[in-house]
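Residues 1 to 244, numbered by UniProt numbering, are exactly what the sequence shown covers, in order. The beta-carbon is built from N, C-alpha and C at its ideal position, and this holds for glycine as well. These figures come from a predicted structure and were not determined experimentally. Only one structure is covered here, and it is reproduced in the block below.
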Amino acid sequence: SKAVRQSKGTDARIIFPGGGIFFYWQAGAASYLREAGYDLSDVTMSGASAGALAATLTLADVDFEEATSLALKLAEDAGVWDRPLGLQGVWGPMIETWLNDLLPDNAVEMVDERLSLLVTSIPSFRTDRISSFESKEDLVRCNMASVHLPWFLDGKLTSNFRQAPRIDGSFRAKTEDYFPQVKNGQVDDSLIILDWKSDPVMEGKTKDFIKLTSKEGIWDLLEQGRSYAQIMDKRGDFDTISQS
């Protein structure tokens, strides 16, 4: 019931795992939460790789329709659909421009104490959880480190974040890396995982992980994320989030 939701509101935690192009599915799911009147102001979020982008933009209150339109425009300007290698080598600078344009100047204040992002440190391959940010630039650099696929994004092996080489944060991430309170993978009702792999409609699409889909395909992913979030809602998965 709504009363239960309000009493438990501040407990909710959302994990956005990695997923390449399936960022758009997560964006759709996050859009559904907003549109259904869920109050995300007290919810803590953690993300890795493409999920880092989704968590950051959700907490910074960025409109995902606007974010998707801008991403498609930047991709078109870069000639992504005309290049045989698609996103290879241009994705990195494109994501950085996109984040800088979308995130408000006070993004750090908006996400403060509610956002944590995972990065993988090199050469140890240790998963590090970053949960405080010094500036908008620091927040953007952390996202760039978290999404960094070696060679693919910008032709470089690693991404430099806080004077250290890093790669994709989802590389070896376990549930407890996102929220250390989760011991031995034990998940309680307050933990919500927005994972496209749990959506039966998305099964079999894993081969498309990095392969760029069409513009229509990207908008379809957004809608599918919305649709599945509605199923999660009916199931009671969001009961620990208060509704405004």
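For A48, which beta-bridge partners are listed by DSSP? L118
Three-state secondary structure assigned by DSSP to K2: Any reading at K2 needs caution, since the residue's pLDDT is 39, under 50, leaving its predicted position unreliable; the model's value is listed next. K2: helix per DSSP, three-state reduction.
On the criterion of 16 or more Cβ atoms from any shown chain inside 10 Å, does K27 qualify as buried, or is it exposed? At residue 27 the sequence reads Ala, which differs from the Lys that was named. Result: buried.
Report the residue from A67, T68, W91 whose alpha carbon sits nearest the alpha carbon of A78. W91
Does the segment 135-143 come close enough to the segment 36-46 that 3 or more CB-CB pairs lie under 8 Å? no
Name the DSSP beta bridge partners of Y38, please? Q243
Would DSSP call T127 helix, strand or coil? strand
Cα separation between T213 and L72? 11 Å
Helix, strand or coil for A164, going by three-state DSSP, please let me know. strand
Contact set for L157: own chain, Cβ-Cβ below 6 Å, skip 5 residues either direction: P150
With a threshold of 16 other CB atoms inside 10 Å of the CB of S244, please say whether the residue is buried or exposed. exposed
Could you tell me if Q224 is buried or exposed, where buried requires 16 or more neighbouring beta carbons within 10 angstroms of its beta carbon? buried
Here's the rule I'm using: 16 or more other beta-carbon atoms within 10 Å means buried, otherwise exposed. How should W81 be labelled? exposed
Nearest neighbour of F179, chosen from P93, A29, L117, I122 [CA to CA]: L117
For D128, which residues in the same chain have their Cβ closer than 6 Å to its Cβ, ignoring the five residues on either side in sequence? V119, S121
So the candidates are I15, A75, A36; which of them puts its Cα closest to the Cα of D233? A36
Which two residues bound the contiguous beta strand (DSSP E) that contains F16? 13-16
The alpha helix (DSSP H) with L222 in it runs from where to where? 215-235
Is A229 close to chain E, meaning its C-beta is less than 9 Å from at least one C-beta of that chain? Among the chains of the structure shown, chain E does not appear; only one protein chain is present.
Neighbour-count burial assignment, S1, 16 or more Cβ in a 10 Å radius: Here S1 scores only 36 on pLDDT, less than 50, and its place in the model should not be relied on; the value that follows carries that caveat. With fewer than 16 Cβ atoms within 10 Å of its Cβ, S1 is classed as exposed.
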